[in-house]
Amino acid sequence: MAAPPPPPPRPRHPVADNDDLVGEILLRIPPDDPTRLVRASAVGKRWRRVLADPSFAARHRAFHPRAAAAAAAPVLGVLHNPADRELDRFVPAAASSFRAAAGDRRKHHILDCLHGRVVLYDYDSHYPTDGHVVWDPITGEQHRIPNVMDALTHPAVISGAAAGGGGGSASFIVAFVGVQNWERHFWDAHACFYSSETGEWSVHINIHLDLDGYHLEDRPAALVGGDTLYFVGKSGILLRYRYGLPLRCGRDILGHGITSADVLSVVDPPPGAKRRLRLGYTVVMAAPESDGGGLRLGVLPRHKLALWDREEDGSAAAAARWVWRVAIDLEQVLPWPVGNTKGKERACLAAVAEDPNVIFVGTEEDGVFAVELDSLRIKKVCELGKSQGRFFPFVSYCAESFLLSLATSKLPAPAAN
Numbered sequence: 003m004a005a006p007p008p009p010p011p012r013p014r015h016p017v018a019d020n021d022d023l024v025g026e027i028l029l030r031i032p033p034d035d036p037t038r039l040v041r042a043s044a045v046g047k048r049w050r051r052v053l054a055d056p057s058f059a060a061r062h063r064a065f066h067p068r069a070a071a072a073a074a075a076p077v078l079g080v081l082h083n084p085a086d087r088e089l090d091r092f093v094p095a096a097a098s099s100f101r102a103a104a105g106d107r108r109k110h111h112i113l114d115c116l117h118g119r120v121v122l123y124d125y126d127s128h129y130p131t132d133g134h135v136v137w138d139p140i141t142g143e144q145h146r147i148p149n150v151m152d153a154l155t156h157p158a159v160i161s162g163a164a165a166g167g168g169g170g171s172a173s174f175i176v177a178f179v180g181v182q183n184w185e186r187h188f189w190d191a192h193a194c195f196y197s198s199e200t201g202e203w204s205v206h207i208n209i210h211l212d213l214d215g216y217h218l219e220d221r222p223a224a225l226v227g228g229d230t231l232y233f234v235g236k237s238g239i240l241l242r243y244r245y246g247l248p249l250r251c252g253r254d255i256l257g258h259g260i261t262s263a264d265v266l267s268v269v270d271p272p273p274g275a276k277r278r279l280r281l282g283y284t285v286v287m288a289a290p291e292s293d294g295g296g297l298r299l300g301v302l303p304r305h306k307l308a309l310w311d312r313e314e315d316g317s318a319a320a321a322a323r324w325v326w327r328v329a330i331d332l333e334q335v336l337p338w339p340v341g342n343t344k345g346k347e348r349a350c351l352a353a354v355a356e357d358p359n360v361i362f363v364g365t366e367e368d369g370v371f372a373v374e375l376d377s378l379r380i381k382k383v384c385e386l387g388k389s390q391g392r393f394f395p396f397v398s399y400c401a402e403s404f405l406l407s408l409a410t411s412k413l414p415a416p417a418a419n
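Following the numbering used here, the numbering of the sequence shown begins with 3 at its first residue and continues without gaps.
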């Protein structure tokens with residue numbers, strides 16, 4: 003008996019063969035949920051080709067004008083190091099459907115977050131010098147940083163587009179600083195950065211510190227001016243790393259008339275602020291462009307957030323001065339007492355480069371709140387729970403960043419139509 007003929011192939015839906023229709027569908031993916039774009043790019047070559055068209059990112063942004071016109075990038079969630087290591091490091095914002103891609107493992111310790119990337123330390127690494135990893139929570143991509151010196155303890159990740167290294171948004175650099183105490187009264191500061199584009203380290207910078215007992219606090223660095231990082235030290239002293247100089251000049255900085263002290267230096271705190279700095283939680287950030295766009299220092303000793311701006315004339319430290327900006331009573335704004343009341347934990351502060359007008363305040367018990375500094379409007383971001391100190395808001399125009407990185411990647415040849 004002859005076998006029955008095979009069933010006819012299912013007709014393809016007309017949308018599947020029409021780039022314009024596919025593009026109209028993909029335009030409607032909301033910008034605050036980039037994981038949908040990631041999944042769409044994996045459907046097939048045609049969908050990936052439509053998403054990778056250099057014009058699609060601009061069309062997607064224009065199709066969502068409310069998101070494009072927003073003053074702040076969307077807050078997708080908060081990264082932290084939970085006391086219970088079995089819990090996720092990423093806590094999604096209540097108003098976002100975004101969930102971090104694979105990479106949030108129990109032996110990962112979050113160290114920094116900026117420009118949509120996270121620096122973490124992987125305690126499962128076979129070699130201590132290769133434990134630092136750059137993780138993209140949107141795509142799940144991980145990049146291990148090789149040969150990190152023991153002296154380099156505090157990292158900060160910067161996208162290639164923001165760093166000006168020429169690699170675009172798909173590349174990044176990770177700047178490291180650290181302080182070593184070689185002898186009783188002998189302290190050195192070190193700085194160096196790693197480039198994902200070249201896979202190489204920059205020239206190593208070190209300076210001697212005329213300070214006894216100097217160390218860096220467990221705080222995120224502030225990116226100011228697109229080429230300078232500020233790290234918080236003991237009693238509000240800041241360590242300034244102008245990574246843009248070796249990035250532009252290469253390893254031969256001396257041949258360009260640049261000294262180690264030009265690249266790495268100490269910035270003293272505002273006069274009269276030492277008591278606040280000793281008692282309070284300190285955060286550094288970039289000031290809004292309307293206020294000069296320079297360095298801003300925030301201190302929360304009790305319930306009043308004190309802000310200073312640093313005004314500089316050129317690169318000379320002697321030409322810079324601290325200017326008192328304002329004191330904001332957060333107890334009149336937040337729905338819980340901020341001061342060091344009995345049995346109450348001290349609030350932590352965080353800032354993001356994407357929106358200098360917002361500061362984040364949080365505790366384990368009360369969660370994380372975003373406070374707009376000009377209007378004092380507040381918005382609860384998420385709960386936090388038991389945590390090991392600081393937290394990192396994950397803020398990103400993530401959909402556009404993913405589309406731009408997709409447009410610059412090497413794609414397989416499109417299927418014949």
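Even for Gly, the Cβ is constructed at its ideal location relative to N, Cα and C.
Bear in mind the structure is a predicted one, so any value in this text is a computation, not a measurement.
Proximal residues to residue i (C-beta, below 6 Å), its chain only, five neighbours per side dropped
{"i": "K381", "result": "A372"}
{"i": "E219", "result": "V234"}
{"i": "H217", "result": "V181 and K236"}
{"i": "V354", "result": "P395 and V397"}
{"i": "R221", "result": "V234"}
{"i": "Y196", "result": "I147, V176 and W203"}
Proximity winner among the options, relative to residue i (alpha-carbon distances)
{"i": "E367", "options": "V360, P339 and R277", "result": "P339"}
{"i": "W326", "options": "S292, P358, G295 and P272", "result": "P272"}
{"i": "S173", "options": "G25, V136, F188 and G369", "result": "V136"}
{"i": "C194", "options": "V226, T131 and Y243", "result": "Y243"}
{"i": "A263", "options": "A275, L241, R280 and T284", "result": "L241"}
{"i": "G246", "options": "G235, K236, D331 and V226", "result": "V226"}
{"i": "G377", "options": "I330, V370 and G369", "result": "One detail in the question is off: residue 377 reads as Ser in this sequence, not Gly. Nearest option by C-alpha distance: I330."}
{"i": "D212", "options": "T365, E385 and E185", "result": "E185"}
{"i": "S98", "options": "G238, C384 and E88", "result": "C384"}
{"i": "R146", "options": "L154, R221, I140 and Y123", "result": "Y123"}
{"i": "P290", "options": "L279, P358 and V265", "result": "P358"}
{"i": "T141", "options": "F58, S57 and A104", "result": "A104"}
{"i": "L266", "options": "E202, L249, A54 and V179", "result": "V179"}
{"i": "R348", "options": "W310, L302 and D86", "result": "L302"}
Where residue i falls, given that 16 or more other Cβ within 10 Å makes a residue buried
{"i": "Y125", "result": "exposed"}
{"i": "T37", "result": "buried"}
{"i": "T230", "result": "buried"}
{"i": "L28", "result": "buried"}
{"i": "Y129", "result": "exposed"}
{"i": "P148", "result": "exposed"}
{"i": "T131", "result": "exposed"}
{"i": "L375", "result": "buried"}
{"i": "H187", "result": "exposed"}
{"i": "V328", "result": "exposed"}
{"i": "V286", "result": "buried"}
{"i": "A64", "result": "exposed"}
{"i": "P139", "result": "buried"}
{"i": "D114", "result": "buried"}
8 Å CB neighbourhood of residue i in its chain, flanking five on each side removed
{"i": "P84", "result": "D90, R91, G387, K388, S389 and Q390"}
{"i": "R312", "result": "V269, G296, L297, R298, L299, A322, R323, W324 and V325"}
{"i": "F393", "result": "V80, L81, H82, C350, A352, F362, G364, V370 and L386"}
{"i": "E88", "result": "R108"}
Separation of residue j from residue i, as counted between CA atoms
{"i": "V159", "j": "D21", "result": "37 Å"}
{"i": "G25", "j": "H192", "result": "49 Å"}
{"i": "S43", "j": "Q144", "result": "19 Å"}
{"i": "M151", "j": "G300", "result": "31 Å"}
{"i": "A73", "j": "H62", "result": "Note on A73: pLDDT 44, under 50, position unreliable in the model; the coordinate value appears next. A73 and H62: Cα-Cα distance of roughly 18 Å."}
{"i": "A71", "j": "I209", "result": "In this predicted model, A71 has a pLDDT of only 46, less than 50, meaning its place in the structure is not dependable enough to derive any value."}
{"i": "V335", "j": "P395", "result": "20 Å"}
{"i": "H66", "j": "L281", "result": "45 Å"}
{"i": "L39", "j": "G118", "result": "15 Å"}
{"i": "F100", "j": "V80", "result": "11 Å"}
{"i": "D254", "j": "C350", "result": "40 Å"}
{"i": "H206", "j": "H156", "result": "15 Å"}
{"i": "W49", "j": "R41", "result": "10 Å"}
{"i": "G259", "j": "G252", "result": "12 Å"}
{"i": "K109", "j": "G257", "result": "44 Å"}
{"i": "A164", "j": "G228", "result": "6 Å"}
{"i": "G238", "j": "R30", "result": "47 Å"}
{"i": "I112", "j": "A308", "result": "27 Å"}
{"i": "T284", "j": "H134", "result": "25 Å"}
{"i": "A2", "j": "G46", "result": "Residue 2 is absent from the model: the chain starts at 3 and stops at 419."}
{"i": "A59", "j": "P32", "result": "13 Å"}
{"i": "A224", "j": "D293", "result": "16 Å"}
{"i": "K116", "j": "R277", "result": "In the sequence as displayed, the identity of residue 116 is Leu instead of Lys. C-alpha separation (whole angstroms): 30 Å."}
{"i": "A153", "j": "R250", "result": "24 Å"}
{"i": "L53", "j": "V360", "result": "32 Å"}
Proximity test, residue i beta-carbon vs the ligand FMN heavy atom, cut-off 7 Å
{"i": "Y243", "result": "The model depicted lacks the ligand FMN and carries no ligand whatsoever."}
Cut-off 7 Å between Cβ atoms - residues of its own chain near residue i, not counting five sequence neighbours on either side
{"i": "P8", "result": "none"}
{"i": "A95", "result": "V77, L78, G79, V383 and C384"}
{"i": "N183", "result": "W189"}
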